[in-house]
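Reading through the structure tokens given below for one structure.
In the numbering used here, the protein residues as written are 12 to 375.
This is the structure we're talking about:
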């Protein structure tokens, strides 16, 4: 399994971006235990609905039948996912810590995993069910961040996945967002694995509007006109303007809409495949084309400069999940503003009728 920072957010919801070999690797390598209550079930509901959706060619998928199947034990070439393996959710401290240790058994010094019946488990995932909204800076450390870090130290052969809490309609100024930012900053600073539950449900698949800023809640309701009242639903709007079973699928999503469940399931598979060593865009190798263009600085921060020779070229900047975050046309020397991008690995794609080239770059 990969031993590096992974951030799964709304940029990681394009299911067709995941190659077949990455899906197969996840099913071969991972043994996942997932503890959750109702909100956390959204991942599983989305994953369940994805199986027939993919079989029918939804989202343009052309993959083997039942390739996204999962069950407890991984029988029949399925992903091994122990759903609700541990009772409760991560909002109940110290129960969630005790339940984790009971489930895993004493650490095995040789493997870094647990002992006994679940000695094969190499991924632990816990979700929240609303309790982030009432945490303080200190309690979040005491009840969540510090215990997770200790579990990582005690079981070094297991990957522990952090999560943010679901939206509650309080927007950017609410305690939920502040605490979610605390979790995000901790994961960035300490190179943890994060499934950003709140960020995933803050955007529709077009990714143009952050509905959290519009007071969105877990049902995807938001305030469209700034009058303080949630009067529209971004998921229902998107579903109504796109074809069911072609661009989205119906699934039973606790506290929310089908589209939100879709996105949670797609992002879950991005998580599984990244844990199983799929590098996303980082798996694309640079080619030596110094005479065709220059891209600098690398690492970059507030801006990126692209110099090309000859004709204008189409330009795309993709994040680690393969999603286009900036695009346009470049010719000669072009400066691209990048101050609003998150830190991490990106891919520059340049092309015209004659060639397409790629370069990996790092945002500080």
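Don't be surprised by glycine CBs; every beta carbon is placed ideally from N, CA and C. The model shown is predicted, which means the values in this text are computed figures rather than measured ones.
Do you know how far the Cα of residue 344 is from the Cα of residue 260? 44 angstroms
Tell me whether residue 53 sits in a helix, a strand or coil according to DSSP, three-state version. helix
With a cut-off of 8 angstroms on the beta carbons, I'd call residue 78 and residue 67 a contact; round off their distance for me. At roughly 13 angstroms, the Cβ-Cβ gap does not stay under 8 angstroms, so residue 78 and residue 67 are not in contact.
Count the other CB atoms, across all protein chains shown, that sit within 10 Å of the CB of residue 299; report buried if there are 16 or more and exposed otherwise. Only weak support is given to the placement of residue 299: the predicted model assigns it a pLDDT of 41, under 50, and the question is left unresolved by the model.
Suppose only complete runs of 4+ residues qualify. What are the alpha helix (DSSP H) ranges in the region 156–242, listed by chain order? 157–165, 186–201 and 208–211
Determine contact between the region 191–209 and the region 161–180, defined as no fewer than three beta-carbon pairs at a distance below 8 angstroms. yes
Who are the near neighbours of residue 360 in its chain, counting only those whose CB is closer than 6 angstroms to its CB and skipping five residues on each side? 327 and 369
When we look at the beta-carbon of residue 301 and count the other beta-carbons within 10 Å, is it buried (16 or more) or exposed? With a pLDDT of 41 at residue 301, under the threshold of 50, the modelled position of this residue cannot be trusted, and the question is left open.
DSSP state of residue 334, grouped into three classes? coil
Please classify residue 158 as buried or exposed, where buried requires at least 16 neighbouring CB atoms within 10 angstroms. buried
Please report the straight-line C-alpha distance between residue 182 and residue 312, rounded to a whole angstrom. 27 angstroms
Could you pull out every residue in the same chain whose Cβ sits closer than 6 angstroms to the Cβ of residue 23, ignoring the five residues on either side in sequence? 278, 281 and 332
Take the Cβ of residue 296 as the centre, count every other Cβ of all protein chains shown within 10 Å, and call the residue buried at 16 or more, exposed below. Annotation note: pLDDT 44 at residue 296 (below 50); position unreliable, coordinate value reported separately. Result: exposed.
Contact belief for residue 283 with residue 270 at Cβ below 8 angstroms, rounded distance in angstroms: Not confirmed; about 21 angstroms, so no contact.
Reference residue 11, options 29, 31, 38 and 52, closest by Cα: Missing from the structure shown is residue 11; the chain here goes from 12 to 375 and no further.
Per DSSP, the bridge partner or partners of residue 305: 318
Is it right to say residue 319 is buried, meaning 16 or more other beta carbons lie within 10 angstroms of its own, or is it exposed? buried
Separation of residue 174 from residue 145, as counted between CA atoms: 16 angstroms
Which of helix, strand or coil does DSSP assign to residue 370? strand
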